[in-house]
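Enquirer: Numbering (the numbering used here), first residue to last: 3 to 150.
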């Protein structure tokens with residue numbers, strides 16, 4: 003909610019989602035939430051909208067797959083967003099082992115400028131927040147230099 007309050011005009015929420023109903027993919031409008039079915043992917047309308055933003059972007063940062071891409075019926079969002087990013091002229095950064103793995107499975111890995119296996123750590127770093135492991139290394143380096 004804090005991010006929406008601060009950057010609401012820049013955050014584009016999904017308009018439709020894909021759920022599993024009787025073993026099949028079924029798309030629902032976000033206006034119909036909440037629903038009992040598990041949400042497993044973005045809907046086609048949302049993916050199309052997001053791909054439009056990606057096409058015009060100068061920088062694209064993505065962390066984690068938007069759907070359960072391991073399930074054929076729910077790989078649409080991940081597959082199409084990665085393909086849209088790969089076609090984009092933007093500087094492209096992926097975060098998270100699952101999303102990086104999906105890019106590799108799709109043969110798109112080489113189309114990205116950087117892929118980090120640590121999605122959460124990557125977002126923390128890009129947002130300017132300190133990373134605990136880096137801070138510990140800096141502290142250790144200072145102590146090591148003092149003791150020389």
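Positions of the beta carbon are idealized from the N, C-alpha and C atoms, including for glycine.
Straight-line CA distance for residue 94 to residue 122?
Expert: Rounded to whole angstroms, residue 94 to residue 122 spans 17 Å at the Cα level.
Enquirer: Hey, residue 108 and residue 84: beta-carbon distance below 9 Å or not?
Expert: Yes. Within cutoff.
Enquirer: Taking all protein chains shown into account, decide if residue 16 is buried (16 or more other Cβ within 10 angstroms of its Cβ) or exposed.
Expert: With 16 or more other Cβ atoms within 10 Å, it is buried.
Enquirer: Between residue 57 and residue 137, what straight-line distance do the alpha-carbon atoms span, to the nearest angstrom?
Expert: If you take the alpha carbons of residue 57 and residue 137, they lie about 37 Å apart.
Enquirer: How big is the Cα-Cα spacing for residue 45 and residue 37?
Expert: Rounded to whole angstroms, residue 45 to residue 37 spans 15 Å at the Cα level.
Enquirer: Please confirm whether residue 181 and residue 75 have their CB atoms less than 9 Å apart.
Expert: With the chain covering 3 to 150 only, the question about residue 181 has no answer from this structure.
Enquirer: Mapping DSSP to helix, strand and coil, what is residue 77?
Expert: Reduced to three states, the DSSP call for residue 77 is coil.
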